[in-house]
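Reading through the structure tokens given below for one structure.
In this note's numbering, the protein residues as written are 1 to 507.
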């Protein structure tokens, strides 16, 4: 009996490739270290937790370098080593670089925000939640089964709710966290129901096996399968803030601390789009006739509503700068959806997905830089209105020039060549896939966006009202603006680098 049990037990033991899982693991371990250290550190020394967190995220990002020599997989089926739960391929590494780099820049911004908050934000809990969310976000692109995918999605999302509502005694923050929580929980419930239907139809959770089996589902399960596919797509549409599932975005960005809003705008968006890519391209390619038109319609609706919402922001309204960035991020989500929709019609879906990844990389650097300048202005102008940026060039020339550059990148105008290049890449993906109508909608939306981006840019260089007050720029904010600015300028000089880097190798 024991001789039979021993081989059976051995067959259930999976070897773990620790190097492959190192990036999210290090972020998770540092989160636990920070949480425990918070119990023993005196109040005067808790600023150290921020720098430990920044170092941990930097170490997680650096651990991507040894993985560049080839694809690695772990947590594989013992009988079939080709079916794995975790795969560190080119696509995984690019997205992990995006989310860990985005989390690192958000952490740099947070160091100053926590110092200025004067104990309104508990430091130990803040850093633990940020690192935990970053660990989940880094795990998600490597997930190759639905269970791991949902766990990673929730590990990335749940700490984010708490981060939004962490500020003590702030009603606006609590309301924003509640809206974010309710919308995300609804998305998760819908996704889980869809996934359960897909599992019931195919008998597997592994994405590649689903792709094989879903084509040969018994006739009596066809409606169940189709319902599962639709519900799963709707759940991820919530996560990407696609219209009409975007209603939580403006209030959440306004209520959250600015570094958290920056984190959500980049890392939160990357998580949603990555999950959508894995579900559609790897698990459901045979249902391209379902998700292709649906995503194309969502892309058109999302970019239009987002840009019109940004256009309607009044410069003198409280928090109008943050609201404009929030509505802008909804519009940008529409652009990011275009190549995923195009992959359903394209003969080269990998190229289409590469366009989404390239656009996401550009957007991450530029948007984080814009939020860094917003955080700087918010230190002296807490209401953070667009009108507060009038005459910024007279008060802080470098910050004004950097923000102007970022806004021009988002608009797709020179000298923000990388923004123009990313938009042309997305536009060509739609045209090549035969989605001419979607390319026209995108072109119209780019023109709409030009108005509010240029209006804000022009305001930076107008004569200030009253005596200009100099902005003191803290070192972490300076570092964030410098890093994002350098990335934007280098890529504007050599935009082909971003396409080469975004070559996903997903297929």
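All residues carry an ideal CB built from backbone N, CA and C; glycine is no exception. None of the values given here were measured: they were computed from a predicted structure.
In this model, residue 236 and residue 44 are separated by some 43 angstroms (Cα to Cα). Taking C-beta separations shorter than 8 angstroms and ignoring five residues to either side along the sequence, the partners of residue 117 in its chain run 167 and 257, following chain order. By a beta-carbon distance limit of 8 angstroms, residue 192 does not contact residue 223. Their separation comes to about 19 angstroms. The beta carbons of residue 30 and residue 131 sit about 6 angstroms from each other, so the pair counts as a contact at 8 angstroms. With a contact defined as Cβ atoms closer than 8 angstroms, residue 61 and residue 101 qualify at about 6 angstroms. When 128, 148, 491 and 138 are compared, the shortest CA-CA separation from residue 416 is found for 491.
Between the region 202-215 and the region 171-185, the count of C-beta pairs closer than 8 angstroms stays below three; the two stretches do not touch. 364 is the residue among 419, 364, 385 and 383 whose C-alpha sits nearest the C-alpha of residue 483. Per DSSP, reduced to three states, the secondary structure at residue 414 is coil, with no helix or strand assignment. For residue 72, no alpha helix (DSSP H) segment is defined; the enclosing uninterrupted segment is the beta strand (DSSP E) at 72-77.
Looking from the CA of residue 455, the closest CA among 293, 377 and 321 belongs to 321. With respect to residue 248, residue 180 sits close: the two C-beta atoms are nearer than 7 angstroms. For the pair residue 386 and residue 306, the Cα-to-Cα distance works out to about 17 angstroms.
Fewer than three beta-carbon pairs drawn from the region 261-268 and the region 181-200 are found closer than 8 angstroms, and the two stretches are therefore not classed as touching.
Counting only residues of its own chain and dropping the five nearest sequence neighbours on each side, residue 120 has a CB closer than 8 angstroms to the CB of 167, 168, 169 and 170. By the 16-neighbour rule on beta-carbons within 10 angstroms, residue 437 is exposed. Closest by C-alpha distance to residue 81, out of 99, 15, 376 and 394, is 15. Counting other Cβ atoms within 10 Å of its Cβ, residue 123 reaches 16 or more and is therefore classed as buried. Residue 323: member of the alpha helix (DSSP H) spanning 320-343, first to last residue.
Inter-segment contact for the region 286-306 and the region 369-378 is absent: fewer than three beta-carbon pairs are separated by less than 8 angstroms. Looking at the DSSP output, residue 145 bridges to 206. Around the beta carbon of residue 24, 16 or more other beta carbons sit within 10 angstroms, so the residue counts as buried.
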